[in-house]
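Participant:
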Amino acid sequence: MDKNDQVQKAKLAEQAERYDDMTAAMKAVTEQGVELSNEERNLLSVAYKNVVGARRSSWRVISSIEQKTEGNEKKQQMAREYREKIEAELEEICKDVLNLLDKFLIANATQAESKVFYLKMKGDYFRYLSEVASGASKKTTVDNSQEAYQDAFDISKKDMQPTHPIRLGLALNFSVFYYEILNSPDKACQLAKQAFDEAIAELDTLNEDSYKDSTLIMQLLRDNLTVIIPARYTGPGEGGSTLPHRREDGLFSICLGPRRGAEVYTEGSSKAVLRH
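Just so you know, our numbering puts 265 at position 274 of the sequence shown, and the rest follows in order with no gaps.
Shown next as structure tokens:
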């Protein structure tokens, strides 16, 4: 099947919400080794975000059940084995994406926008691995995630406008990484606030095509700050603040594609809460 047919198949699969089929089609497109168009890049991102998101959500549910079955050895063993099965699926998906990124996507990217997009993806998928990893493996995935985010962040600061939706989406997810993975609310707050303030200062540079995506992510940065700011004083996940708190759902992160709109996820639930 040629490239155009695979892309069309991916679009059909998306409409049918058959995301495993969508990932297979876009993986085949990527493995042809040609730089992806913006549309193809976004199809790939949306496909994998949905398949990995389903496993992340399942993993959290089963992990919670496993903790609640302490004292019942048989039930706990069943929950543990099922969690490990989900972990294996999640790890396979993440490693699949990371292989595509390293072998084809990052290497073939010629524009700063594409490089930032793919490095952000790399940071995201190492972050997802770190959520289920332990010991030395966890440290490796955390370090790799931070390195990818930082590389993307450095390029975005140099080559992209503060109001660019991909730069804003990167800042949003990088701040989530600091808060959720490194337990560093101070750094998460600083990063999110700086991105928001810099974008506000240049609102007049927003073009019509990206206006909705950019302003949406700016609002999410503000929403996350209402969680992060009190956590700077009480610690992530602790109480003691009268400000709005979203710990039961987690912070917002984003899967963003120009001209396709933004898909917004909470870190506590991979379900998309807004798409336009």
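A virtual CB, placed ideally from N, CA and C, is assigned to each residue, including glycine.
Identify the continuous alpha helix (DSSP H) that holds T101 and give its terminal residues.
Facilitator: For the purposes of this step, residue 101 is taken as the residue at position 110 of the sequence shown. Looking at the DSSP string, T101 is not in any alpha helix (DSSP H), and its letter there is neither H nor E.
Participant: How is the alpha helix (DSSP H) around E83 delimited, first residue to last?
Facilitator: As a first step, residue 83 must be located in the sequence shown, where it is residue number 92. First-last of the alpha helix (DSSP H) with E83: 64 to 91.
Participant: Counting along the chain, where does the alpha helix (DSSP H) carrying A7 start and finish?
Facilitator: Taking the sequence shown and counting its residues from 1, the one referred to as residue 7 is at position 16. Premise fails: A7 is in no alpha helix (DSSP H) and is neither H nor E.
Participant: So which of F187, Q152, F117, L211 has the shortest CA-CA distance to K40?
Facilitator: Translated into the one-based positions of the sequence shown, residue 40 becomes position 49. Ranking F187, Q152, F117, L211 by Cα distance to K40 puts F117 first.
Participant: Put S54 into one of helix, strand or coil per three-state DSSP.
Facilitator: As a working mapping, residue 54 is identified with position 63 in the sequence shown. DSSP places S54 in helix when its eight states are reduced to three.
Participant: Quick one: measure Cβ to Cβ for L242 and E171, integer angstroms, because I've assumed they're closer than 8 Å.
Facilitator: Against the sequence shown, residue 242 aligns to sequence position 251. Against the sequence shown, residue 171 aligns to sequence position 180. Between E171 and L242 the Cβ distance is about 7 Å, and since that is below 8 Å, they are a contact.
Participant: Run through the DSSP bridge pairs and tell me what S48 is partnered with.
Facilitator: Numbered from 1 along the sequence shown, position 57 holds the residue referred to as residue 48. Per DSSP, none; premise fails for S48.
Participant: Residues in the same chain with beta-carbon distance under 7 Å from D11, minus the five sequence neighbours each way, listed in chain order, please.
Facilitator: Taking the first residue of the sequence shown as 1, we reach residue 11 at position 20. Counting only Cβ-Cβ distances below 7 Å, and skipping sequence neighbours, we find V42.
Participant: Taking the alpha helix (DSSP H) that D150 falls in, what are its first and last residues?
Facilitator: The sequence position of residue 150 within the sequence shown is 159, counting from 1. It spans 126 to 150 - the alpha helix (DSSP H) in which D150 sits, taken as one unbroken run.
Participant: Could you tell me the alpha carbon to alpha carbon distance between Q181 and M(-8), rounded to whole angstroms?
Facilitator: Locating residue 181 in the sequence shown gives position 190, counting from the first residue. Locating residue -8 in the sequence shown gives position 1, counting from the first residue. One C-alpha to the other measures close to 48 Å.
Participant: Looking at M112: is its Cβ nearer than 8 Å to the Cβ of S36?
Facilitator: As a first step, residue 112 must be located in the sequence shown, where it is residue number 121. As a first step, residue 36 must be located in the sequence shown, where it is residue number 45. Cβ distance < 8 Å, so M112 and S36 count as in contact.
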